[in-house]
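Colleague: Each residue of the sequence shown is one higher than the last, beginning at 217 in the working numbering.
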Amino acid sequence: MHDTLKGKRILITQASEFMGPTLCEVMAEQGATVIASHHPLVQPDAAQQVVAEAGAIDVLVANLSIHAPSTHATEVSEQEWQEVFAALVDPLPRLVRAVVPSMEQRGGGRILLIGSAAALRGMKRTSTYSAARGAQLAYVQAVGVELAPQNIQFNAIAQNFVDNPTYFPAEVQANPRFQERLAREVPLGRLVGAREDALFAAYLCSDAAACFVGQVFPVCGGWVTR
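Next comes the structure, spelled out in structure tokens:
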């Protein structure tokens, strides 16, 4: 891949977290003008503010993250549930409302969610996080088919076991128990590289990926295949 995003203005949210740093680096390498937003998006007016400050954009990368709770399902509090959904789910429709009108005026655009494969495979003690990530993917699939006639492609990467500082920091990777789990559960036998993931994201943001509508792409080394 070379200059696949040349001339595009790309807004990346929570750019210092999750996949943000590598996405910014790779998309700039591919020729994009990257607008890296570091604003939290929990407040109802935050998404509109971030989009307004970015100016005209061709692509929105909704990179949303929160540290995943590990609470037993029967012990999940109202506060935990609300906080996780406020961080991961509620910003999505606000971002869409903020960016779609200008994309329609410009003749189209791309929206890419950086989501989680936790929504695609059951794991113990992840009910809140998995439910929120699942809501994200359902939203992308529904809104994706709605926006396609306006030449706006909305898709998602559902990832897990991808090298990133939010969910797999160095201390986790160095833990022998984690390495045993990696060997046991991930057919690839290693973490997906951050750049591998970001290059795929760059492709999905490019003109070459105009045919995908409301698609969810697992990037997880075979941990899930659907």
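Glycine residues also receive a C-beta, built at the ideal position from the N, C-alpha and C atoms.
Does R397 come out as helix, strand or coil in the three-state DSSP assignment?
Modeller: DSSP, reduced to helix, strand and coil, places R397 within a helical segment of the structure shown.
Colleague: Between M243 and L257, is the Cβ-Cβ spacing less than 8 Å?
Modeller: no
Colleague: If distances are taken between C-alpha atoms only, which option among A386, L398, S281 and L239 comes closest to L308?
Modeller: S281
Colleague: For D261, which option in F301, K224, L311 and Q246 has the closest C-alpha, if you only look at C-alpha atoms?
Modeller: L311
Colleague: Ordered along the chain, which non-local residues of its own chain (more than five positions away) have a Cβ less than 6 Å from that of L363?
Modeller: Its chain contains F370 as the residues whose beta carbon lies nearer than 6 Å to that of L363, once the 5 sequence neighbours on both sides are disregarded; these appear in chain order.
Colleague: Measuring CB to CB, does A272 end up less than 8 Å from R326?
Modeller: no
Colleague: Any chance you could list the beta strand (DSSP E) runs of at least 3 consecutive residues sitting entirely within the segment 259-298, in chain order?
Modeller: 275-279
Colleague: So A374 packs on S343, CB below 8 Å; how close in whole Å?
Modeller: With a Cβ gap of about 17 Å, A374 and S343 do not count as contacting.
Colleague: Looking at A372 and Y305, is the spacing between their C-beta atoms short of 8 Å?
Modeller: For the record, residue 305 in the displayed sequence is Val; it is not Tyr. In this structure, A372 does not lie closer than 8 Å to V305 by Cβ.
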